[in-house]
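Asks: Would you mind keeping the following structure in view while I ask a few things?
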Amino acid sequence: ETGVTQSPTHLIKTRGQQVTLRCSSQSGHNTVSWYQQALGQGPQFIFQYYREEENGRGNFPPRFSGLQFPNYSSELNVNALELDDSALYLCASSPSGRSGANVLTFGAGSRLTVL
Amino acid sequence: QKEVEQNSGPLSVPEGAIASLNCTYSDRGSQSFFWYRQYSGKSPELIMSIYSNGDKEDGRFTAQLNKASQYVSLLIRDSQPSDSATYLCAVHNAGNMLTFGGGTRLMVKP
């Protein structure tokens, strides 16, 4: 059974650029959530995807967007990068169903630095 | 704004002692509660979930939930240096989101 894999692990961008982060969910999981974790803080919910549709969104601007593909993998896109976007971006997958939907398995994360 | 509050610590306990980690939440309608452990530079990993008032035990870990007081706690018995990490409390809110607290850093001293 493979876990949640994310790529890239580290990347550096400059203000105004765009970035795409990728995530493959754990085998058997069809729900993917994305979180942003700034240094020294807890993860903050960006959005969740289920059956290729956005299924919940946190307090993030529209320049944060995502996709889920038929194989349940997902992408997070951030446009017009700002310095405050520097953070660890965590992808988490979970099984469907009421009891399992929030039992998250996290990937190792993508650390984004915006200069 | 639905909030989850934790003392940031660090909480320092000697090896073999009981570590007590606390969390309060603001959304009275919350139904599901989770504790995640995060080692430095790593991603969070689930250690406990609790859905009903009372205690839930799993090995050295006990989660306690009091919905009337909007309070969740995690007890770690016989603390080991390998338990040194940041512990994140998470609460399920509407909109399929988990709201995390800022985490409590636990240090277990040999």
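Quick note, the sequences are listed as chains G and F, same order. Quick note: the first sequence, position 5, residue 5 per our numbering, numbers continuous. Quick note: the second sequence, position 62, residue 1062 per our numbering, numbers continuous. Yeah, the Cβ is synthetic: ideal placement off N, Cα and C, and Gly gets one too. In this text, all values refer to a predicted model and were calculated from it rather than measured experimentally.
(1) Have a look at Val103/G, Gln6/G, Leu112/G and flag the residue whose alpha-carbon is nearest the alpha-carbon of Ser25/G.
(2) Specify the secondary structure class of Ser1082/F as computed by DSSP and reduced to three states.
(3) Could you name the residues that DSSP lists as bridge partners for Ser1049/F?
(4) Is the separation between the beta-carbon of Ala67/G and that of Asn55/G shorter than 9 Å?
(5) Looking only at its chain, what residues have a beta carbon closer than 6 Å to the beta carbon of Ser1026/F, apart from the 5 residues adjacent to it on each side?
(6) Going by C-alpha to C-alpha distance, which of Pro70/G, Ala92/G, Ser86/G sits closest to Gly16/G?
(7) Could you give the residue range of the beta strand (DSSP E) that holds Thr118/G?
(8) Which runs of the beta strand (DSSP E) spanning at least 3 residues fall entirely within the segment 61-102 of chain G, listed in chain order?
(9) In chain order, what residues of the same chain have a beta carbon less than 7 Å from the beta carbon of Arg1060/F, not counting five sequence neighbours either side?
(10) By Cβ distance, which residues of its chain are closer than 7 Å to Ala1085/F, with the 5 residues on each side in sequence left out?
Replies: According to the structure data:
(1) Closest by C-alpha distance to Ser25/G, out of Val103/G, Gln6/G, Leu112/G, is Gln6/G.
(2) helix
(3) Phe1034/F
(4) The sequence given here has Leu at residue 67/G, not Ala. No, the Cβ-Cβ distance between Leu67/G and Asn55/G is not below 9 Å.
(5) Lys1002, Glu1003
(6) Ser86/G
(7) Residue 118/G lies beyond the range of chain G shown here (1 to 115); nothing can be said about it.
(8) 64-68, 74-78, 87-94
(9) Ile1076, Arg1077, Asp1078
(10) So the list reads Arg1037, Gln1038, Tyr1039, Leu1106, once near-sequence residues are dropped.
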